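Residue numbers (our numbering): 48 to 155.
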């Protein structure tokens with residue numbers, strides 16, 4: 048079983064650096080009165096840079112989460128037969144109650 052990967056040593060610091068760089072790019076673009084459509088560049092940078100910078104961590108995290116979810120799914124399939132049996136028992140008891148009801152028990 049894969050253990051949960053640890054975050055890289057300077058994970059939060061690097062995220063802060065990426066964020067500050069993005070702010071600087073925005074300020075420079077606004078200062079030089081570049082078209083506001085080009086402000087999408089820093090947004091794209093903030094979205095793509097961490098994925099590239101921490102790609103090894105993200106791959107390990109994805110593998111860990113996939114394995115964890117797979118274990119939950121197999122456990123869920125094993126419990127599914129118990130649920131079906133419980134439903135069958137409930138339906139059988141309801142039919143028995145309806146069969147044994149008195150004439151005045153119209154709500155059963």
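Backbone N, C-alpha and C fix where the C-beta goes; we use that ideal spot for every residue, glycine too. Note that the coordinates shown come from a computational prediction; the quantities given were computed from them, not determined experimentally.
Next item on the list: Would you please state the rounded distance, in angstroms, between the beta carbons of residue 73 and residue 86? I believe it to be under 8 Å.
Entry: Stepping through the chain shown from its first residue, residue 73 is reached at position 26. Stepping through the chain shown from its first residue, residue 86 is reached at position 39. With 8 Å as the limit, residue 73 and residue 86 qualify as a contact, their Cβ atoms being about 6 Å apart.
Checklist line | residue 149 - DSSP class collapsed to helix/strand/coil | finding: Sequence index remark: in the chain shown, residue 149 carries index 102 (1-based). It is coil, neither helix nor strand.
Checklist line | residue 51 versus residue 141: straight-line alpha-carbon distance, rounded | finding: The residue you call residue 51 lines up with position 4 of the chain shown. The residue you call residue 141 lines up with position 94 of the chain shown. One C-alpha to the other measures close to 47 Å.
Margin query: Please identify the residue among 146, 80, 93, 151 whose C-alpha is closest to the C-alpha of residue 68.
Written below: For the purposes of this step, residue 68 is identified with residue 21 of the chain shown, where counting begins at 1. Among 146, 80, 93, 151, the Cα nearest to that of residue 68 is on 93.
Checklist line | CB contact flag (residue 65, residue 107, <9 Å) | finding: Residue mapping note: residue 65 aligns to position 18 of the chain shown, counting from 1. Residue mapping note: residue 107 aligns to position 60 of the chain shown, counting from 1. In this structure, residue 107 does not lie closer than 9 Å to residue 65 by Cβ.
Item checked: Proximity of residue 101 and residue 58 at Cβ, strictly below 9 Å -> Stepping through the chain shown from its first residue, residue 101 is reached at position 54. Stepping through the chain shown from its first residue, residue 58 is reached at position 11. In this structure, residue 58 lies closer than 9 Å to residue 101 by Cβ.
Next item on the list: Could you check which residue in 121, 104, 70 has the C-alpha nearest to that of residue 90?
Entry: Along the chain shown, read from residue 1 onward, the residue named residue 90 stands at position 43. The shortest Cα separation from residue 90 among 121, 104, 70 belongs to 70.
Margin query: Less than 9 Å between the C-beta atoms of residue 129 and residue 97, yes or no?
Written below: One-based indexing of the chain shown puts residue 129 at position 82. One-based indexing of the chain shown puts residue 97 at position 50. Cβ distance not < 9 Å, so residue 129 and residue 97 don't count as in contact.
Item checked: DSSP state of residue 57 mapped onto helix, strand, coil -> Taking the first residue of the chain shown as 1, we reach residue 57 at position 10. It is coil, neither helix nor strand.
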